[in-house]
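Asks:
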Amino acid sequence: MTKRAALYLRVSTDGQTTANQQAELEAVAKRSGWQVVEIYRDHPVLRDIRDAKFHGPCGSCTFAQLCGGSRARAYAMTGDALASDPGCWLVAHERQRHE
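Each residue of the sequence shown is one higher than the one before, counting from 106 in this note's numbering.
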């Protein structure tokens, strides 16, 4: 069974382009026997995650830049990758403190 891979391309250093980044990553995938099934070029949602532009409690959390919460859990449970992490222990702790 062929393994599948998705590429996320983003310019993060001087002299780098998404074109040369894509060529390098496709070469790695080919050498590794992976099939590239999706290519993302600096996707807006991924940019918002990187910039910690979250909704709800995660959006105003002091630790948003450091922690970021579980974006996978937020997406799986709400359909919104920028939603607050439903399993965040800090939010649960704050809720209990105010009960």
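Each residue gets a CB set at the ideal place from its N, CA and C atoms; glycine is no exception.
Between Asp-153 and Leu-187, which are expected to be in contact by the criterion C-beta below 8 Å, what is the C-beta distance as a whole number of angstroms?
Replies: Here residue 153 is taken as the residue at index 48 of the sequence shown, counted from 1. Here residue 187 is taken as the residue at index 82 of the sequence shown, counted from 1. Going by Cβ atoms, the distance from Asp-153 to Leu-187 rounds to 6 Å, so yes, they are a contact pair.
Asks: Restricting to Cα atoms, I'd like to know which of Gln-170, His-148, Gly-192 and Trp-139 is closest to Arg-109.
Replies: Stepping through the sequence shown from its first residue, residue 109 is reached at position 4. Nearest C-alpha to Arg-109: Trp-139.
Asks: Identify whether Gln-140 lies in helix, strand or coil by the three-state DSSP scheme.
Replies: The residue you call residue 140 lines up with position 35 of the sequence shown. The answer is strand: DSSP assigns Gln-140 an E or B state.
Asks: Quick check: the Cα distance between Ser-175 and Val-141, rounded to an integer number of angstroms?
Replies: Reading the sequence shown from its first residue, position 70 is the one you call residue 175. Reading the sequence shown from its first residue, position 36 is the one you call residue 141. Their backbone Cα atoms lie some 25 Å apart in a straight line.
Asks: For Gly-192, I'd like the list of residues in its chain whose CB is within less than 7 Å of its CB, leaving aside the five on either flank, ordered along the chain.
Replies: On the sequence shown, residue 192 is found 87 positions in, with the first residue counted as 1. Excluding positions up to five away in sequence, the list reads Ser-175 and Arg-178.
Asks: Comparing alpha-carbon positions, which option in Ala-132, Thr-118, Tyr-180 and Glu-131 lies nearest Val-150?
Replies: Numbered from its first residue, the sequence shown carries residue 150 at position 45. The shortest C-alpha separation from Val-150 is found at Tyr-180.
Asks: Counting only beta-carbon separations shorter than 9 Å, does His-160 have a partner in chain B?
Replies: Absent here is chain B; the protein component of the structure consists of one chain.
Asks: Count the other C-beta atoms from every protein chain shown that fall within 10 angstroms of the C-beta of Phe-159, then say buried if there are 16 or more, exposed otherwise.
Replies: Along the sequence shown, read from residue 1 onward, the residue named residue 159 stands at position 54. Phe-159 should be labelled buried.
Asks: Following a CB-centred definition, is Arg-176 positioned closer than 8 Å to any heavy atom of the ligand MG?
Replies: With respect to the ligand MG, the structure shown offers nothing to examine, as it has no ligands at all.
Asks: Which residues does DSSP list as the beta-bridge partners of Lys-135?
Replies: Counted from its first residue, the sequence shown places residue 135 at position 30. Beta-bridge pairing links Lys-135 to no other residue.
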